[in-house]
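When you number the sequence shown by the UniProt record's numbering, it's gap-free, plus one each residue, and the end is 166. Beta carbons are placed, not taken as given, at the ideal position from N, Cα and C, and that holds for glycine.
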Amino acid sequence: MAQKEYTTKRRYHHLTREKRAQIEILLQLKLSKSQIAREVGIARSTLYNELARGSVKQLGRELKPYIRYFGDTGQSVYEKRRKNSHTPKKLIKAGAFVRFAVKQVLIEKLSPDTICGSAKRNGDFQETVCTKTLYNYVQQGLLKVRNIDLVLCQEKVQVKNDLAPM
1 MAQKEYTTKR RYHHLTREKR AQIEILLQLK LSKSQIAREV GIARSTLYNE
51 LARGSVKQLG RELKPYIRYF GDTGQSVYEK RRKNSHTPKK LIKAGAFVRF
101 AVKQVLIEKL SPDTICGSAK RNGDFQETVC TKTLYNYVQQ GLLKVRNIDL
151 VLCQEKVQVK NDLAPM
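Structure, rendered in structure tokens:
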């Protein structure tokens with residue numbers, strides 16, 4: 001199978017603010033939906049989804065309602081939904097356990113793995129986080145604990161192998 005000598009267009013990406021503005025202008029020019037989709041470079045179903053997302057009902061002359069698409073409305077709805085699409089961190093739900101874990105690491109010098117294992121074994125807390133999540137919180141700087149506070153997670157100095165080529 002021969003490789004292509006060019007890069008192909010990336011598929012399935014989100015609409016940008018500029019593309020939404022382009023859709024709005026093309027709708028005002030009364031082009032068909034298929035022509036608009038071709039012009040913008042998106043699938044027709046994507047266009048219909050975007051029209052549903054960014055359309056608002058307005059009152060015209062004589063208070064007669066009509067539906068109009070606004071790119072800014074579509075963008076704001078997209079951003080709002082995108083913001084709410086992520087799952088919240090368990091840091092809030094399992095706050096008691098996380099505070100306990102921070103104390104254990106700083107005072108008792110225990111590893112997060114030991115703390116998670118003993119807490120799950122004893123059933124001390126209703127909500128806990130797994131070991132990997134605890135390490136991720138340390139890496140992200142969400143806890144008072146730093147890598148230097150962890151016994152086995154301190155940064156190791158890498159030794160370069162200085163062998164000369166023969």
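- LEU47 and GLU108 have their C-alpha atoms some 58 Å from each other.
- Where ILE23 is concerned, the enclosing alpha helix (DSSP H) starts and stops at 17-28.
- Excluding its 5 nearest sequence neighbours in each direction, VAL129 has C-beta neighbours in its own chain below 6 Å: LYS90 and ALA94, listed in chain order.
- Within the model, the alpha-carbon separation for ILE42 versus ALA119 is close to 51 Å.
- When the alpha-carbon of VAL40 is set against those of LYS57, ALA21 and ALA52, the nearest one is in ALA21.
- For ARG68, the secondary structure class from DSSP, reduced to helix, strand or coil, is strand.
- The segment 76-91 makes no contact with the segment 100-114; the number of CB pairs closer than 8 Å stays below 3.
- CA-to-CA, the gap between HIS13 and GLU127 works out to about 36 Å.
- Looking only at VAL138, GLU18 and LYS9, the smallest Cα-Cα distance to GLY71 is reached by GLU18.
- The straight-line gap separating the alpha-carbon atoms of LEU26 and PRO65 is approximately 22 Å.
- Note on TYR6: under 16 other CB atoms within 10 angstroms of its CB, so exposed under the neighbour-count rule.
- Note on geometry: alpha-carbon atoms of VAL151 and THR114 lie some 12 Å from one another.
- Bounds of the beta strand (DSSP E) holding VAL56 are 55-59.
- Taking C-beta atoms under 8 Å as the contact rule, GLU50 and ILE23 qualify, at a distance of about 6 Å.
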